[in-house]
Every structure is written in structure tokens, then in C-alpha cells.
Amino acid sequence: MTSARRLALAALLLAPLALAGCAAVGELAKAAFKRPTLTFQKVSVESIDFEAATLALDYDLENPNGFGLTLARVEYWLQLEGRVVTRGQIRGGLSIPAAGHAPVRFTVRLPFAEVPRMMELVRAQQPVAYTVGGNVGVETPIGVIDLPISHSDLVALPALPRFRLAGAALRLVSLTDVELRLSLAIDNPNPFPIPAGALKYAAAVGGEVVASADAEALGAIGARREGTVTIPIRLSILGAGRALSQALNGGTADVRLSGEARLGAIPVPLDVSGHAGR
Numbered sequence: 003m004t005s006a007r008r009l010a011l012a013a014l015l016l017a018p019l020a021l022a023g024c025a026a027v028g029e030l031a032k033a034a035f036k037r038p039t040l041t042f043q044k045v046s047v048e049s050i051d052f053e054a055a056t057l058a059l060d061y062d063l064e065n066p067n068g069f070g071l072t073l074a075r076v077e078y079w080l081q082l083e084g085r086v087v088t089r090g091q092i093r094g095g096l097s098i099p100a101a102g103h104a105p106v107r108f109t110v111r112l113p114f115a116e117v118p119r120m121m122e123l124v125r126a127q128q129p130v131a132y133t134v135g136g137n138v139g140v141e142t143p144i145g146v147i148d149l150p151i152s153h154s155d156l157v158a159l160p161a162l163p164r165f166r167l168a169g170a171a172l173r174l175v176s177l178t179d180v181e182l183r184l185s186l187a188i189d190n191p192n193p194f195p196i197p198a199g200a201l202k203y204a205a206a207v208g209g210e211v212v213a214s215a216d217a218e219a220l221g222a223i224g225a226r227r228e229g230t231v232t233i234p235i236r237l238s239i240l241g242a243g244r245a246l247s248q249a250l251n252g253g254t255a256d257v258r259l260s261g262e263a264r265l266g267a268i269p270v271p272l273d274v275s276g277h278a279g280r
């Protein structure tokens with residue numbers, strides 16, 4: 003038998019022993035390895051407006067081993083009433099020191115347009131219930147280990163703006179027409195601006211609807227400020243109701259403006275009243 007054949011035969015005979023040795027080393031490594039732990043710390047509202055709330059979740063990642071580890075990834079989802087509405091993934095790279103800790107923070111956007119029963123919650127001024135789940139993957143000598151994320155909580159909706167009828171005046175604009183000019187004041191109690199939106203309304207004088215609109219423009223309103231929108235309504239004197247005719251002749255008429263303001267993803271109910279006169 004040649005030397006080459008002897009070496010080949012020896013390698014063939016030793017291969018199972020080498021594989022067994024590698025397996026034994028792998029099992030030994032697994033037995034010696036201590037699983038990292040992920041502990042929830044807090045959740046905070048990083049930002050909020052009439053479109054969404056951005057939630058920041060903070061965790062503590064502990065490495066009990068005598069060697070450093072690396073964060074491989076963070077995968078998360080956000081669920082509202084049993085339905086996943088947001089998914090995301092963050093690449094890793096964070097170093098977790100030997101026998102040490104590392105903070106893990108990620109943000110989740112909660113879109114108000116996806117909130118079930120939005121109108122009900124808005125009218126009752128109730129918070130939104132949510133659940134965040136997913137995994138934090140840690141790169142280790144025995145592969146990537148996934149540590150589960152699970153957190154449920156409530157987040158408050160933005161405070162509703164307050165409406166009031168700041169003025170209602172009548173004036174003749176021609177021999178046959180009259181203008182009812184309504185001034186609607188909008189108070190924003192939030193620490194963030196209200197975006198430009200639209201107003202859907204019905205205007206009634208003396209209980210009779212005299213005008214309506216589906217998309218009256220509303221300008222943006224600054225944080226903790228009050229804005230005003232003026233709604234001019236042109237009416238025919240001949241077609242005016244009894245209450246409007248009395249107001250034109252020196253009396254007053256009850257005026258009501260009802261509907262809703264569309265501000266971002268949140269519809270805000272509108273119902274204000276006052277008196278109009280010349």
C-alpha cells in the first residue's frame with residue numbers, strides 16, 4: 003500500500019472521531035453558554051399629533067457570559083384589538099459587554115386612522131389600547147438567540163379642540179339677498195399644532211337648515227392657541243324662513259352649526275349655537 007493510500011485511509015478512519023469531537027465541543031459550548039435576558043424598563047410617548055402617536059420602548063439587555071455579545075436585530079409589530087397594523091425591523095450592531103448590560107430602545111408609530119371604534123373613543127375621550135410584540139435577536143457563539151418582546155398598555159388620544167360660535171351677523175348684500183356671516187372660534191388645548199383640515203357642517207336658523215358644506219377649509223392652529231374661521235352664507239330674502247325675516251326686521255334668530263371637523267385622522271364633532279341679528 004502506498005503512502006498516499008495509507009494517509010487517505012487514516013483520514014477516513016479519523017473523520018468520525020473529528021466530527022464527534024466537534025459535536026462534543028459544540029455541546030460543551032451550549033452547556034457553558036448562559037442565555038441573555040431582556041427586561042422591560044418603560045414606555046414613553048415620544049411625539050403625538052392628530053395623525054399618530056410615536057411610542058418609545060426601553061429595555062435592558064443583560065449578558066451574563068464572560069465574553070461580549072452583539073445585538074443582531076430588533077423585529078416588532080403593533081397590534082390594535084387583535085389586528086396587526088404596524089411592523090418594523092431595526093438592524094443591530096450594538097455591543098453587549100461581558101457580564102454587563104446594554105440599553106435597547108426602539109420606536110413604534112401608532113396610526114390613529116387604524117384605531118377601531120375611533121369615533122366612539124373620541125366622543126368618550128377614552129385611551130387607545132395596544133400591544134407591542136416581536137423579538138430581539140442576539141448574536142452569540144452558538145447562533146442568533148431570539149428574546150421575545152411583549153408589552154400592552156394604553157395611550158391617550160389628543161385632547162379635542164373646543165368650538166364656540168364667536169359671532170353671527172346678518173347684512174343685506176342686495177335688494178334680494180342677505181348674508182349670514184358666522185364666526186367659529188376653535189381653541190386648541192394641545193401642546194402641538196392642529197393641522198389644516200376641513201369642516202363638514204349644516205347651518206340652521208330657527209331650526210330650519212339654510213346651508214350645508216362638505217369641505218369648508220380650516221387653517222392650521224398653533225399649539226395652545228385659538229383660531230377663527232369665518233363662514234359666509236348667502237341667502238335669498240324671498241326664500242328666507244320666518245326666523246330669518248324677523249332677524250332682518252330688527253329681531254334675533256337662533257342659529258346652530260352642527261357637523262364635524264376633520265383634523266388629521268381624528269374626526270371632531272361640532273355642535274354650537276348662538277343668536278343672529280342685524
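Just so we're aligned: the sequence shown equals residues 3 to 280 in my numbering. Idealized CB from N, CA, C, for every residue including glycine.
In its chain, beyond the 5 residues on either side, 218, 220 and 263 have a beta carbon closer than 6 Å to the beta carbon of residue 201. With fewer than 16 other Cβ atoms inside 10 Å of its own Cβ, residue 232 counts as exposed. Within the same chain, 236, 237, 238 and 239 come within 8 Å of residue 179 by CB-CB distance, once the 5 residues on both sides are set aside.
Beyond the five residues adjoining it in sequence on each side, residue 55 comes within less than 7 Å, by CB distance, of 47, 112 and 157 in the same chain, given in chain order. Residue 199 counts as buried, since no fewer than 16 other beta carbons sit within 10 angstroms of its beta carbon. Residue 98 sits away from residue 59, with the two beta carbons spaced by 8 Å or more. Between residue 228 and residue 267 the beta-carbon gap is near 22 Å, outside 8 Å, which marks them as no contact. In this structure, DSSP gives residue 107 an extended state, which the three-state scheme calls strand. For residue 218, the uninterrupted beta strand (DSSP E) segment begins and ends at 210-220. Apart from sequence neighbours up to five positions away, the residues of its chain that approach residue 258 with a beta-carbon distance below 7 Å are 206 and 275, ordered along the chain. Three or more beta-carbon pairs separated by less than 8 Å are not found between the region 90-97 and the region 113-120, which leaves the two stretches without contact. For residue 123, the enclosing alpha helix (DSSP H) has its first and last residue at 120-126.
Excluding its 5 nearest sequence neighbours in each direction, residue 173 has C-beta neighbours in its own chain below 8 Å: 180, 181, 183 and 280, listed in chain order. In the three-state reduction of the DSSP assignment, residue 116 falls in the helix class, which pools H, G and I. DSSP assignment within the region 126-179 yields the following whole beta strand (DSSP E) runs of 3 residues or more, N-terminal first: 130-142, 145-157 and 164-174.
Collapsing the DSSP output to three states places residue 204 in a strand.
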